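Just below is one structure, and these are the notes that go with it.
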Amino acid sequence: MLQLDFFPRTEFKSLLDFQRLENSSLSFKDKDLLINYPDFFQSPKANEIISRQHSNLVDKILGVRLKYIEEMLVAEARGFEPEGPHENLGPAIHQGVQTWVGLDLQTLQTPYSEILRILQLLKIRPYQHVIDLGAAYGRMGIVLGGIYAKNIFTGFEYVKSRVDEGNRIFRELGLGKCQLFTQDLFAKDFKLPEADVYFIYDYGQVEHINHTLKQISVVSNTRPVKVVVRGKFTKKIITEHHPWLDLKYEGKLGESFSIYTAFTN
Ligand SMILES: C[S@@+](CC[C@H](N)C(=O)[O-])C[C@H]1O[C@@H](n2cnc3c(N)ncnc32)[C@H](O)[C@@H]1O
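In my numbering, the protein residues as written are 3 to 267.
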């Protein structure tokens with residue numbers, strides 16, 4: 003059982019346990035203890051609705067200003083696009099790039115519990131480097147930095163306000179090996195850094211994802227890589243155009259990610 007300053011016997015058996023923490027002002031030391039504790043990132047139930055509610059509570063406990071920042075982005079985009087579906091909002095303010103402004107807050111990012119599961123399945127070794135391509139607020143960095151403190155996390159994200167908030171949280175939680183960069187992954191001058199694991203959750207249009215997968219294939223000529231893919235879109239592109247990626251783990255019932263490996267040397 004976790005010993006926090008105000009809650010000497012903290013358990014994570016139901017959403018109520020998380021709500022209790024949400025309503026108290028936790029010290030940095032307490033937050034630090036929480037993110038080192040895998041149960042904190044584990045949803046009390048495996049179903050999608052509870053996982054999202056759990057993630058929402060974790061964001062609030064850690065103080066991620068997700069709602070405020072997303073509302074500001076929506077307000078800005080509605081200035082250009084007063085009517086119409088949310089799919090038009092991101093492209094309206096981000097040079098045509100699909101940044102998913104206006105999407106449900108807990109659909110925009112992978113639930114914490116799913117990230118925990120992915121990292122456990124990857125059997126990540128110390129000092130390995132994980133890159134999230136289209137990282138939003140860098141959730142994967144919070145889980146990796148908390149539980150696998152020796153690993154390095156880099157997230158690339160188009161929207162600067164998401165990057166700034168994610169980096170603020172990394173600093174506050176003392177996650178010195180985690181960093182987000184404002185970057186258009188499709189930019190001509192962007193060179194994908196080498197890493198052990200790449201994570202893609204439907205970040206952009208087909209040609210963008212194709213472009214990124216080609217860059218990963220170049221890296222896989224020199225070192226083994228794992229590619230974690232979330233969302234139907236990217237999986238379809240891989241099946242149709244990227245046979246060099248070997249499917250190693252296909253998400254079980256209710257899991258929406260797959261893991262591929264490659265070492266094409
Ligand atoms: C569906 S979200 C996934 C967030 C995160 N990877 C996760 O799973 O929690 C996709 C993110 O990719 C970003 N994105 C879309 N196109 C991009 C581009 N060309 N370059 C960088 N980021 C991009 C979006 O702004 C959005 O934050």
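Cβ atoms here follow ideal geometry from the backbone N, Cα and C, with glycine treated the same way.
Source: prediction; values computed, not measured.
heavy atom of ligand 1 below 7 Å from Y160 C-beta: Taking the first residue of the sequence shown as 1, we reach residue 160 at position 158. Indeed, a heavy atom of ligand 1 lies less than 7 Å from the Cβ.
Rounded separation between H131 and T156 - CA only: Position 129 of the sequence shown holds residue 131. Position 154 of the sequence shown holds residue 156. Roughly 8 Å separates the two Cα atoms.
S26 in three-state terms, based on DSSP: Taking the first residue of the sequence shown as 1, we reach residue 26 at position 24. Residue state, collapsed to three classes: coil.
Supposed contact pair N212 and I239 - C-beta distance, whole angstroms, cut 8 Å: On the sequence shown, position 237 is the one that residue 239 refers to. On the sequence shown, position 210 is the one that residue 212 refers to. Going by Cβ atoms, the distance from I239 to N212 rounds to 6 Å, so yes, they are a contact pair.
Any non-hydrogen atom of ligand 1 within 7 Å of Y205 CB: Within the sequence shown, numbered from 1, the residue matching residue 205 stands at position 203. Y205 Cβ: within cutoff of ligand 1.
T263 - containing beta strand (DSSP E), residue span: Counting from 1 along the sequence shown, the entry for residue 263 is found at position 261. In the DSSP annotation of this structure, the continuous segment of the beta strand (DSSP E) that includes T263 starts and ends at F259 to A264.
Rounded straight-line distance, which links the Cα of S16 to that of K216: Start at 1 with the first residue of the sequence shown, and residue 216 comes out as number 214. Start at 1 with the first residue of the sequence shown, and residue 16 comes out as number 14. Roughly 43 Å between the two C-alpha positions.
V66: CB within 7 Å of a non-hydrogen atom of ligand 1: The residue labelled residue 66 in the question sits at position 64 within the sequence shown. Checking every heavy atom of ligand 1 against the Cβ of V66, none is found closer than 7 Å.
Extent of the continuous beta strand (DSSP E) to which R170 belongs: As a working mapping, residue 170 is identified with position 168 in the sequence shown. Per DSSP, R170 belongs to no beta strand (DSSP E); it is in the alpha helix (DSSP H), K162 to E174.
Other residues of its chain near F183: CB distance less than 8 Å, five sequence neighbours each side excluded: Stepping through the sequence shown from its first residue, residue 183 is reached at position 181. Closer than 8 Å at Cβ, skipping near neighbours: T156, G157, F158, E159 and V165.
Segment contact flag, the segment 41-61 with the segment 100-116, C-beta cutoff 8 Å, min 3 pairs: yes
Distance cut-off 7 Å: V99 Cβ against heavy atoms of ligand 1: Taking the sequence shown and counting its residues from 1, one reaches residue 99 at position 97. V99: yes, Cβ under 7 Å from ligand 1.
Neighbour-count burial assignment, T224, 16 or more Cβ in a 10 Å radius: Within the sequence shown, numbered from 1, the residue matching residue 224 stands at position 222. With fewer than 16 Cβ atoms within 10 Å of its Cβ, T224 is classed as exposed.
K47 in three-state terms, based on DSSP: Locating residue 47 in the sequence shown gives position 45, counting from the first residue. Looking at K47 - three-state DSSP - the assignment turns out to be coil, as it is neither helix nor strand.
Contact under 8 Å by Cβ, A48 with G256: Here the question's residue 48 lines up with position 46 in the sequence shown. Here the question's residue 256 lines up with position 254 in the sequence shown. For A48 and G256, yes; Cβs fall inside 8 Å.
Rounded straight-line distance, which links the Cα of W102 to that of N38: The residue labelled residue 38 in the question sits at position 36 within the sequence shown. The residue labelled residue 102 in the question sits at position 100 within the sequence shown. Distance between the alpha carbons of N38 and W102 is about 30 Å.
Alpha-carbon spacing of L175 relative to E13, whole angstroms: Residue mapping note: residue 175 aligns to position 173 of the sequence shown, counting from 1. Residue mapping note: residue 13 aligns to position 11 of the sequence shown, counting from 1. Going by the C-alpha atoms only, they are around 21 Å apart.
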